[in-house]
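Each remark here refers to the structure printed beneath this line.
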Amino acid sequence: MSHNEYMDKKIILGLTTTCGSHWRGKIKEIDELGVKEVSLFPTCLSLAQRREMYNLLEKTGLESIPHVHLRSDDMETWELDFLCDRYKTRVFNMHPCLESYKFIQNNPKYREKIFIENFFLESHKKEFTRDCLKKHNIAGICLDFSHLATEKELCDEDYKRTCEIINLYPIGCNHISGFESGFLKKLFKLGEKISLHRCRDNSQLDYLKQFPASYFSPYLSIELENSFAEQLEFKKYIEEILKTIAG
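If you want the numbering used here, it's the 1-based position in the sequence shown plus 83.
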C-alpha cells in the first residue's frame with residue numbers, strides 16, 4: 084500500500100443497531116462530538132425503527148453516510164434512494180443469501196453499489212461460493228476482517244477457499260470489528276459472553292496487521308457496539324496500523 088493509497092482510505096465510525104449498541108445514544112453523540120460522517124448498520128431494525136432512525140439523523144449535523152449494511156429481508160428501494168440522495172451513500176453490503184441476491188436482481192440500478200459480505204456461518208457458506216457469486220453477477224466483496232480471521236482459526240481449508248474468492252473480485256468496502264484468538268472456545272466451552280462487535284482495547288484490533296494491503300478498500304467501516312467517543316480512539320489506532328501496512 085503506497086502513501087497515496089493509504090490517504091485514499093476512509094476509516095468511518097459505525098452506527099450499529101445490535102442489542103448492545105444503543106443506536107439512539109449514538110445519534111445524540113453525532114452533534115455532541117461534531118461527527119460529520121458515519122457508516123450505517125441498520126441490520127437489527129424493523130422498517131418502523133429505520134424510519135425513526137432516518138428522522139433522527141436528519142435532525143443532526145451529519146453530512147455523509149458513505150457505506151450502509153442493508154438488511155436482506157425487508158429493505159425498500161426508497162431507503163437506498165434516500166440514503167444516496169441525502170447522505171451521498173457510495174456503497175452498500177448484504178449478507179450472502181438468496182434474499183440478498185433477489186434484492187439485487189429487483190434493484191438493478193444499485194447492482195454496482197452492492198457488495199456481498201464474507202461470512203463464516205454454515206447457513207451462509209453455501210451462498211458464498213465461486214459458482215454462486217458468478218451466477219448472481221455480483222459487483223464485488225464486502226470483506227469483514229473479523230469473519231475472515233475467525234474462519235482462518237476454525238478451518239484453514241475454508242479460509243483458503245474464501246481468500247481465493249476474495250481475490251477474484253473487487254473489494255468495495257470493509258467491516259472492522261474486534262477479534263480475539265480462541266474466542267469461540269471461550270464462548271461455547273467456558274460460557275463467557277464475548278462479542279466481536281464490542282472492543283475491549285486496542286489489542287483486539289492487532290489481528291488486522293496480518294492482512295495484505297490489497298484487502299483494505301476505500302471504505303473501512305468500524306462495526307462496533309462501542310460509543311462514538313470510544314470508536315474515535317480505536318480509529319486512531321487503526322490509522323496507525325494502516326500506516327504500518329503502507330510502509
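All residues carry an ideal CB built from backbone N, CA and C; glycine is no exception. Everything numeric in this text was worked out from a predicted model, so none of it was measured.
- Look at Ser183 here: in three-state DSSP terms it is helix.
- Here the C-alpha atom of Leu216 lies approximately 27 Å from the C-alpha atom of Leu128.
- Note: Asn257 is bridge-paired with Leu226, Leu303 in the DSSP secondary-structure output.
- Bounds of any alpha helix (DSSP H) do not take in Glu200; it lies within the beta strand (DSSP E) bounded by 197 to 200.
- Closest by C-alpha distance to Asp114, out of Arg133, Ala131, Leu145, is Leu145.
- Per DSSP, the continuous beta strand (DSSP E) segment holding Asn176 begins and ends at 174 to 177.
- In this structure Val174 is in contact with Tyr302, their Cβ atoms being roughly 6 Å apart against a cut-off of 8 Å.
- Judged by pairs of C-beta atoms under 8 Å, the stretch 219 to 234 touches the stretch 189 to 209, as three or more such pairs exist.
- The DSSP-derived three-state label of Lys171 is coil.
- Assignment of beta strand (DSSP E) within the stretch 121 to 163, counting only whole runs of 3 or more residues, yields 121 to 124, 150 to 152 in chain order.
- Out of Arg169, Lys109, Ser147, Glu263, the CA that lies nearest to the CA of Asn285 is found in Glu263.
- By the criterion of at least three beta-carbon pairs nearer than 8 Å, the stretch 158 to 166 is not in contact with the stretch 239 to 249.
- Burial check for Pro295: the Cβ neighbour count within 10 Å stays below 16, so the residue is exposed.
- The three-state reading of DSSP puts Ile249 in helix, counting H, G and I together.
- Per DSSP, the continuous alpha helix (DSSP H) segment holding Thr327 begins and ends at 311 to 329.
- Put simply, of Leu325, Thr143, Ser297, Gly255 the residue whose alpha carbon is nearest the alpha carbon of Pro149 is Gly255.
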